[in-house]
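Undergrad:
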Amino acid sequence: MQTWARIARGDAANIIPPNFNHNLIRARSPPSMSFKHPEYTTNPLPAAAPTSGVTTKFKLSRDQIHFLKSQSDRRNMSTRISSFSTIAALVWKCYCISKGIALSTQTRLMFTADIRHRLCPPLPKTYFGNAVVRNSATSEVSQITSNPVHVVAEVVQAAIDGMTDEFVRSFIDYLEMMQGKSLCPALELAESDLRIASISGLPIYEADFGWGAPQKATWAEATGNKVVYVMDEPGKNAGWQVFVILDADTMPQFVKAFYEELASCPVTSQL
Numbered sequence: 010m011q012t013w014a015r016i017a018r019g020d021a022a023n024i025i026p027p028n029f030n031h032n033l034i035r036a037r038s039p040p041s042m043s044f045k046h047p048e049y050t051t052n053p054l055p056a057a058a059p060t061s062g063v064t065t066k067f068k069l070s071r072d073q074i075h076f077l078k079s080q081s082d083r084r085n086m087s088t089r090i091s092s093f094s095t096i097a098a099l100v101w102k103c104y105c106i107s108k109g110i111a112l113s114t115q116t117r118l119m120f121t122a123d124i125r126h127r128l129c130p131p132l133p134k135t136y137f138g139n140a141v142v143r144n145s146a147t148s149e150v151s152q153i154t155s156n157p158v159h160v161v162a163e164v165v166q167a168a169i170d171g172m173t174d175e176f177v178r179s180f181i182d183y184l185e186m187m188q189g190k191s192l193c194p195a196l197e198l199a200e201s202d203l204r205i206a207s208i209s210g211l212p213i214y215e216a217d218f219g220w221g222a223p224q225k226a227t228w229a230e231a232t233g234n235k236v237v238y239v240m241d242e243p244g245k246n247a248g249w250q251v252f253v254i255l256d257a258d259t260m261p262q263f264v265k266a267f268y269e270e271l272a273s274c275p276v277t278s279q280l
């Protein structure tokens, strides 16, 4: 993004050439799949009739997320809990509560993760290409709804931390082994499943295309159902925008659960 911005504003002297060496993520020979990758399928279900979802935008401050993360610190956790894991845990718990799903049901939170720093050695910072892999955190609904957010965040963080170099190499080899087959993301979700995507950390507000720093950025189109999008708020030390898309019947219960979960935070959230 910074390279595009520099080209647009004519700052040729500071352009850093992108790295197009895609051999850095080529499959091993022979390919070896050491993990299952259920987030992808060769047998997509027939497209279901589109369901209309309503979108509600929430704002979360850094103070709120720091407060929720600090609860894990009090448990003397050796694993660092990220802001993304905390936000994901919050919406995952609220979703399970709002749907009234049977407590014994398995629930899955699907997410995408940047693999650039997960490989050994890491991909160069200038690497240009798709380096994102899907994964999911799974648990029983009872464990999500009955535990505080910071405990649910530990479940999400464990799934993220499990995306090691071997996990990523296994996925790359899986793609190699599936060549010639119609492989696609498994987007047909069970009622207990939720998808979340984040571009938090993307330097959107640092990208000057010649007209100054951006004042506002948002998703061009937020569509679907049972989907959550996360991105940064503008401004130094700002928080996050969280776009939640659910069916109209579920959204009121989700909003109620969301604010009840944040009731103990020092700063209230906003729609």
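If you read the sequence shown in my numbering, its first letter stands for residue 10, the second for the next number, and so on.
We treat Cβ as the ideally placed atom computed from N, Cα and C, and that holds for glycine.
1) Quick one: what's Ala146 bridged to in DSSP?
2) Find out if the Cβ-Cβ distance for the pair Trp249, Tyr238 is shorter than 7 Å.
3) Output the distance between the C-alpha atoms of Arg125 and Thr173, rounded to the nearest integer angstrom.
4) Taking only the alpha-carbon atoms, compute the straight-line gap between Ile181 and Asn144 and give it to the nearest angstrom.
5) Please name the residue, chosen from Ala22, Pro39, Ala167, Arg18, that lies closest to Thr95 on a Cα-to-Cα basis.
6) Please work out which residues of its chain come closer than 8 Å, Cβ to Cβ, to Ala206, disregarding the five sequence neighbours upstream and downstream, and give them in chain order.
7) How would you write the range of the alpha helix (DSSP H) that Ser179 sits in, first residue to last?
8) If you draw a straight line from the alpha carbon of Ser107 to that of Gly244, how long is it in whole angstroms?
9) Give the C-beta separation of Arg37 and Arg178 to the nearest angstrom, bearing in mind that I take them to be a contact with Cβ-Cβ under 8 Å.
10) If you scan the region 228-275 from start to end, which runs of the beta strand (DSSP E) of 3 or more residues do you find wholly inside it?
11) Any idea if Ala266 is buried or exposed, counting beta-carbon neighbours within 10 angstroms, 16 or more meaning buried?
12) Just verifying my parser: in three-state terms, what is the DSSP assignment at Asn156?
13) Distance, Cα to Cα, Ala17 vs Phe252?
14) When the distance is taken between beta carbons, is Ile90 closer than 7 Å to Lys78?
15) CB Ile254 to CB Thr64, shorter than 7 Å?
16) The alpha helix (DSSP H) that contains Ser107, what's its start and end?
TA: Straight from the coordinates:
1) Working through the sequence shown from its first residue, we reach residue 146 at position 137. Looking at the DSSP assignment, Ala146 forms a beta bridge with Leu118.
2) Translated into the one-based positions of the sequence shown, residue 249 becomes position 240. Translated into the one-based positions of the sequence shown, residue 238 becomes position 229. Their beta carbons are not under 7 Å apart, which means Trp249 does not touch Tyr238 by this criterion.
3) Mapped onto the sequence shown, residue 125 falls at position 116. Mapped onto the sequence shown, residue 173 falls at position 164. Distance between the alpha carbons of Arg125 and Thr173: 11 Å.
4) Counted from its first residue, the sequence shown places residue 181 at position 172. Counted from its first residue, the sequence shown places residue 144 at position 135. Their backbone Cα atoms lie some 13 Å apart in a straight line.
5) Your numbering for residue 95 matches position 86 in the sequence shown. Considering only alpha carbons, the answer is Ala167.
6) Sequence index remark: in the sequence shown, residue 206 carries index 197 (1-based). Closer than 8 Å at Cβ, skipping near neighbours: Phe120, Thr121, Val236, Val237, Tyr238, Val239.
7) Locating residue 179 in the sequence shown gives position 170, counting from the first residue. Counting along the chain, the alpha helix (DSSP H) containing Ser179 begins and ends at 174-186.
8) Here residue 107 refers to the residue found at position 98 of the sequence shown. Here residue 244 refers to the residue found at position 235 of the sequence shown. Rounded to whole angstroms, the gap between the alpha carbons of Ser107 and Gly244 is 32 Å.
9) The residue labelled residue 37 in the question sits at position 28 within the sequence shown. The residue labelled residue 178 in the question sits at position 169 within the sequence shown. Contact between Arg37 and Arg178 holds: CB atoms are separated by about 6 Å, below the 8 Å threshold.
10) 236-241, 249-255
11) For the purposes of this step, residue 266 is taken as the residue at position 257 of the sequence shown. It is buried - the Cβ of Ala266 has at least 16 other Cβ atoms within 10 Å.
12) Indexing the sequence shown from 1 puts residue 156 at position 147. Three-state DSSP puts Asn156 in coil, outside helix and strand.
13) On the sequence shown, position 8 is the one that residue 17 refers to. On the sequence shown, position 243 is the one that residue 252 refers to. If you draw a straight line from the Cα of Ala17 to the Cα of Phe252, it comes to about 30 Å.
14) Walking along the sequence shown from the start, residue 78 turns up at place 69. Walking along the sequence shown from the start, residue 90 turns up at place 81. Going by C-beta atoms, Lys78 is nearer than 7 Å to Ile90.
15) Taking the first residue of the sequence shown as position 1, residue 254 is located at position 245. Taking the first residue of the sequence shown as position 1, residue 64 is located at position 55. Ile254 is a Cβ neighbour of Thr64, given a cutoff of 7 Å.
16) By one-based count along the sequence shown, residue 107 stands at place 98. Bounds of the alpha helix (DSSP H) holding Ser107 are 92-108.
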